[in-house]
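Visitor: In order, the protein sequence lines correspond to chains Y and L. The numbering of the first sequence is this note's numbering, which starts it at 20 and goes up by one. The numbering of the second sequence is this note's numbering, which starts it at 20 and goes up by one. Just passing along the structure, written as structure tokens.
Protein chains: 2
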Amino acid sequence: MRQGDHQGRPYYAVIMAGGIGSRLWPLSRQHRPKQALSLVGERTMFQLAVDRLRPLFPPEQILVVTGQDHANVLREQVPELPDDNFILEPVGRGTAPAVGLAAIHLRRRDPEAVMAVLTADHYIHDAARFRAVLTAAYQVALEGHLVTLGITPSYAATGFGYIRQGQRLDEYNGFTAYQVESFVEKPDRATAEGFLKSGRTSWNSGMFIWRVDRILEEFARQMPQFYQQLERVEAALGEPRAAAVLERVWPRVASQTIDYGIMEGAQDVAVLPVDIGWSDVGSWAALLDILSEDAAGNVVRGRHLGIDTQRTLIFGADRLVATIGLRDMIIVDTDDAILICPAERAQDVKKIVDKLQESGEGYL
Amino acid sequence: MRQGDHQGRPYYAVIMAGGIGSRLWPLSRQHRPKQALSLVGERTMFQLAVDRLRPLFPPEQILVVTGQDHANVLREQVPELPDDNFILEPVGRGTAPAVGLAAIHLRRRDPEAVMAVLTADHYIHDAARFRAVLTAAYQVALEGHLVTLGITPSYAATGFGYIRQGQRLDEYNGFTAYQVESFVEKPDRATAEGFLKSGRTSWNSGMFIWRVDRILEEFARQMPQFYQQLERVEAALGEPRAAAVLERVWPRVASQTIDYGIMEGAQDVAVLPVDIGWSDVGSWAALLDILSEDAAGNVVRGRHLGIDTQRTLIFGADRLVATIGLRDMIIVDTDDAILICPAERAQDVKKIVDKLQESGEGYL
């Protein structure tokens, strides 16, 4: 199988790189979104997302959907990607419009294209296995299925959506594909524990693989008003007026997620359950979980002097961070703001960001 | 009673302003000692120490003993004090030599002088009552007693020395003086609770009032070797060689505290128990106790955004300090270092300073 050209249909990766990742404040900011941060090493999350695709996709077949305000910082981080492969939304309207926009760009390049919708800000420990399942997913998608990657759950998470698998379809590249029985929104603890025991549910990773013709068919059927807006944008692609049309249409597009807008009502959805060491890095606590730890279970970036400090994440900048008697804490120090909270409250960082938005005092 | 001249003997205040206050790191540093910090308001601890003496002592009769390295910052803070009233130690040798040095300076000015040995970095809530007890102490000292101010204990502290009172002496200016039965080093919890219940013990505040001739008599008797060194320094006072003699003698002086070196073995020691709202501000936790609190019991200096944060001291600089779910914590942010610890571990800040001294990496 040649890179990016599989059994006749070209295979494209589309990296969804919108969003800020505000639960990683104060490191994440509007001008410095989560995907542009170096969270798990020297390379940024976005660079890592491209790195792990490169053995499978040539740069010409890696597209990025992001906001106009983030385009420059992301382009600079991955100069090997062609400028034209950055698809810029004037405003973010959720994942459904972003996928639709990428799909019409691809249809214009090649109506035969298969597209993998991937994330820019998630952590994947086993990149080789990730590429293997992407290859399997391509084969499943060729048959017309809309494929979702299902992450084998490692605990009874209540913060993710779940995918219940139905009838077995077939083996592809060593992976078993199943029909999707249903998508389940974030469950309560007891339901999540039941899912974990069943062995027949996966986390919804937000990664999808499908033929461009198939997904646009679903847009036309399930989101007809949006599909008309898409067609207006598509008609202008490649013309001087393209940007102006997008600027006019996009603010009028209704916000929608791909899960609600398409997947839940889609026909012929398949899931490929896989264990690739995935984390959405959805909070500082998630980062504390995945990063390699020192003997005391701490995760330290920068200068730290600790006395009796355990299982604590210290993401420092230039300052010395001195701690005494801390357990399970999050400390994130930046030039103009510092966050201090217990790991179990890491989700509430969003509330800090909300308060800053209300007050208009900056730091965002 | 005229300011500074009471019943014929002149009354001098001697403020002991050596030391760093390293338990208040990272705000206190070698170049910015605790007494030079604004901890309880706009004025620094040293300025407050002088302010509360001014209704009782003219500037000419307020002396300061400090290290050569701190003289400039302290002089700038209290320009009303004459330059000559700063007595500079080449090296710190503990409180006994500092008191002795001040005493020979005063003997040269006036052998009749009475001196109050006071602190530069303690908090005294009731300054008027403090001055009243200093006036009483002067009267007790005139009779030849070595007077200590005893602080009425407000809880069973194990971090202070105690003074056990013996036979009642007399009333002075509305205060009752007692002979001192004994000085007790930092007691264990049970002993401290017994002291608190007895109503006959006070905290040793480190504030003393005595005639210069009496204290020098005690130095001659109890620390004869040091007294000879003092006489060498005294012989040179007022001559061009004075500084050189001090520089030569002082490094050879043995370190000693006034409590061990003089008070425990002194003759005719009296105590004046008093409640003046005193705190040694010996740690960040002590500051959390004495500072006025907001509704959540927090003490905040600088920009703070808190969610569910209570009884926490936040001493910020320019940065925004954002906290979630904290209780009884200490957060001190400075330009180059930040400290985070539970209030109950505030004494261990000293360990951080010790580690920094060992490693030689700065921040001191």
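Glycine included, every Cβ here is placed at the ideal spot set by N, Cα and C.
With DSSP as the reference, please indicate the residues paired to residue 104 (chain L) in a beta bridge.
Guide: Per DSSP, none; premise fails for residue 104 (chain L).
Visitor: Does residue 341 (chain L) have its Cβ less than 7 Å from a Cβ in chain Y?
Guide: At least one chain Y Cβ lies under 7 Å of residue 341 (chain L).
Visitor: Which term fits residue 258 (chain Y), buried or exposed, when burial requires 16 or more other beta carbons within 10 angstroms of its beta carbon?
Guide: Burial call: exposed.
Visitor: Against chain L, does residue 370 (chain Y) count as a neighbour if the rule is that its beta carbon must be under 7 Å from one of theirs?
Guide: Taking Cβ atoms only, chain L reaches closer than 7 Å to residue 370 (chain Y), which makes this a yes.
Visitor: Just checking my contact of residue 184 (chain Y) with residue 219 (chain Y) at CB under 8 Å: how many whole Å lie between their CB atoms?
Guide: Their Cβ separation, rounded to whole angstroms, is 5 Å, which keeps residue 184 (chain Y) and residue 219 (chain Y) in contact under 8 Å.
Visitor: Using Cβ-Cβ distances below 9 Å, what residues of the region 191 to 211 of chain L are close to chain Y?
Guide: Answer in chain order: no residues at all.
Visitor: Given that residue 344 (chain L) touches chain Y, what residues does it touch there, using C-beta distances under 9 Å?
Guide: The contacting residues are 360, 361, 363, 364 and 367.
Visitor: Does the CB of residue 355 (chain Y) have a neighbour CB from chain L at under 7 Å?
Guide: Judged by the 7 Å Cβ criterion, residue 355 (chain Y) is in contact with chain L.
Visitor: Sorry if obvious, but does the Cβ on residue 300 (chain Y) come closer than 6 Å to a heavy atom of the ligand MG?
Guide: Questions concerning the ligand MG fall outside what the structure shown contains, since it holds no ligand whatsoever.
Visitor: According to DSSP, is residue 223 (chain L) helix, strand or coil?
Guide: Of the three classes helix, strand and coil, the one that applies to residue 223 (chain L) here is strand, per DSSP.
Visitor: Opposite residue 289 (chain Y) in the DSSP bridges: which residues?
Guide: Paired residues: Y:166 and Y:198.
Visitor: Could you tell me the distance, in whole angstroms, from the CA atom of residue 224 (chain Y) to the CA atom of residue 244 (chain Y)?
Guide: Rounded to the nearest angstrom, the two C-alpha atoms are 27 Å apart.
Visitor: In this structure, does DSSP put residue 382 (chain L) in helix, strand or coil?
Guide: Coil at residue 382 (chain L), not helix or strand.
Visitor: Flag residue 338 (chain L) as yes if its beta-carbon sits less than 7 Å from any beta-carbon of chain Y, otherwise no.
Guide: Closer than 7 Å to some Cβ of chain Y, the Cβ of residue 338 (chain L) qualifies, so yes.
Visitor: Under 7 Å, do residue 295 (chain Y) and residue 143 (chain Y) count as touching if we go by C-beta distance?
Guide: Cβ atoms of residue 295 (chain Y) and residue 143 (chain Y): closer than 7 Å.
Visitor: So for residue 85 (chain Y), helix, strand or coil by DSSP?
Guide: Strand, per DSSP.
Visitor: In chain Y, what lies closer than 7 Å to residue 374 (chain L) by C-beta?
Guide: The contacting residues are 324.
Visitor: Can you list, in chain order, the residues of its chain with a C-beta nearer than 6 Å to that of residue 227 (chain Y)? Leave out the 5 residues immediately preceding and following it.
Guide: Only 136 and 167 meet the Cβ criterion.
Visitor: Please say whether residue 231 (chain L) and residue 122 (chain L) have beta carbons closer to each other than 7 Å?
Guide: Cβ atoms of residue 122 (chain L) and residue 231 (chain L): closer than 7 Å.
Visitor: In angstroms with no decimal places, state the Cα-to-Cα distance between residue 339 (chain Y) and residue 46 (chain L).
Guide: Cα-Cα distance, rounded: 13 Å.
Visitor: Indicate the three-state DSSP secondary structure (helix, strand or coil) for residue 28 (chain L) in the structure shown.
Guide: DSSP places residue 28 (chain L) in strand when its eight states are reduced to three.
Visitor: Examine chain L for any beta-carbon lying closer than 7 Å to the beta-carbon of residue 174 (chain Y), and answer yes or no.
Guide: With 7 Å as the cut-off, residue 174 (chain Y) does not count as an interface residue toward chain L.
Visitor: I'd like to know whether the C-beta atoms of residue 411 (chain Y) and residue 222 (chain Y) end up nearer to each other than 7 Å.
Guide: Here chain Y covers residues 20 to 383 and nothing more, so residue 411 (chain Y) does not appear.
Visitor: Below 8 Å, can you find three or more Cβ-Cβ pairs linking the region 300 to 307 of chain Y to the region 207 to 219 of chain Y?
Guide: As far as the Cβ criterion goes, the region 300 to 307 of chain Y does not touch the region 207 to 219 of chain Y, which means the pair count is below three.
Visitor: Taking the alpha-carbon of residue 44 (chain L) as reference, which of L:363, L:378 and L:356 has the nearest alpha-carbon?
Guide: Closest by alpha carbon: L:356.
Visitor: With 7 Å as the threshold, decide whether the Cβ of residue 246 (chain L) is near any Cβ in chain Y.
Guide: Taking Cβ atoms only, chain Y never reaches closer than 7 Å to residue 246 (chain L), which makes this a no.
Visitor: Taking the Cβ atom as the reference point for each residue, do residue 40 (chain Y) and residue 111 (chain Y) lie within a distance shorter than 7 Å?
Guide: No. Outside cutoff.
Visitor: How would you label residue 174 (chain Y), buried or exposed, when you count the other beta carbons within 10 angstroms and need 16 or more for buried?
Guide: Under this definition residue 174 (chain Y) is an exposed residue.
Visitor: Which runs of the beta strand (DSSP E), 3 residues or longer, sit entirely within the region 293 to 335 of chain Y?
Guide: Whole beta strand (DSSP E) segments, 3+ residues: 318 to 326.
Visitor: Under 7 Å between the Cβ atoms of residue 75 (chain Y) and residue 150 (chain Y)?
Guide: In this structure, residue 150 (chain Y) lies closer than 7 Å to residue 75 (chain Y) by Cβ.
Visitor: Measuring straight from C-alpha to C-alpha, what distance separates residue 81 (chain L) and residue 31 (chain L)?
Guide: If you take the alpha carbons of residue 81 (chain L) and residue 31 (chain L), they lie about 6 Å apart.
Visitor: Would you list the residues sitting across from residue 189 (chain Y) in a DSSP beta bridge?
Guide: Per DSSP, Y:196.
Visitor: Just checking: is the beta-carbon of residue 142 (chain L) within a distance shorter than 7 Å of some beta-carbon in chain Y?
Guide: Residue 142 (chain L) does not count as touching chain Y.
Visitor: Relative to the C-alpha of residue 99 (chain L), which candidate in L:66, L:124, L:131 and L:117 has its C-alpha closest?
Guide: The shortest Cα separation from residue 99 (chain L) among L:66, L:124, L:131 and L:117 belongs to L:66.
Visitor: Do we get a CB-CB distance below 7 Å when we pair residue 30 (chain L) with the residues of chain Y?
Guide: By this cut-off, residue 30 (chain L) is not an interface position.
Visitor: Are residue 384 (chain Y) and residue 196 (chain Y) close, meaning C-beta to C-beta below 7 Å?
Guide: There is simply no residue 384 (chain Y) to check, as chain Y begins at 20 and stops at 383 in what is shown.
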